[in-house]
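Be aware that the first sequence starts at 4, since it is given in my numbering, and climbs by one per residue. Comments concern the structure below.
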Amino acid sequence: MNPEFREAVYQIIAAIPPGKVSSYGAVARQAGFPHHARFVGRLMSQLPEDTRLPWHRVLRSDRHIALVGTPAGQIQIQRLRDENIPVINDRVPKPYFLVPQ
DNA sequence: CCATTGACCAGCT
DNA sequence: AAGCTGGCCAATG
């Protein structure tokens, strides 16, 4: 991937405040690379386990958490709840989104 | 080079 | 609300 894209994405995600969430598409758009939502996901899948990036605050545009039913998905739910973001049926309620979807 | 594969998305039914 | 469809586009084999 283009390093510019990668850096921009990291920057945007790092800027999502605790208690709020965003989506892959929104992150891609804000990074200046529309149509690249899938690559935001690709980058997430390649993050080291000890990354400091709040990747758990990035959801799908339909408000579902990523990777439902996988270990990473469970971790994501746990981390969201740890910062008082409710997860109901693998979803986060609309008001918690930083940017309107 | 062609086909398949995604931590995806918007529009339609 | 939930499922389908077509679009997206770099990486992978």
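The beta-carbon is built from N, C-alpha and C at its ideal position, and this holds for glycine as well.
If you follow the alpha helix (DSSP H) that residue i is part of, which residue opens it and which one closes it?
{"i": "P6", "result": "6–17"}
{"i": "F42", "result": "40–48"}
{"i": "Q104", "result": "Looking at the DSSP string, Q104 is not in any alpha helix (DSSP H), and its letter there is neither H nor E."}
Nearest to residue i by alpha carbon, out of the options?
{"i": "R55", "options": "Y13, N92, R9, N5", "result": "Y13"}
{"i": "G44", "options": "V61, P37, I91", "result": "V61"}
{"i": "H59", "options": "R84, M4, H38", "result": "R84"}
{"i": "N92", "options": "Q33, G72, L101, R82", "result": "G72"}
{"i": "A75", "options": "M47, V102, P96, A18", "result": "M47"}
{"i": "R9", "options": "V24, V30, I68, K23", "result": "V30"}
{"i": "L70", "options": "R94, H38, E86", "result": "R94"}
Does residue i come out as helix, strand or coil in the three-state DSSP assignment?
{"i": "V30", "result": "helix"}
For residue i and residue j, which I take to be in contact (beta-carbon distance under 8 Å), what is that distance rounded to the nearest angstrom?
{"i": "S64", "j": "G28", "result": "5 Å"}
To test your reading of the DSSP string, which unbroken beta strand (DSSP E) runs of 3 or more residues are found completely within the segment 49–86? Listed in chain order, the beta strand (DSSP E) elements of length 3 or more contained wholly in the segment 49–86 amount to none.
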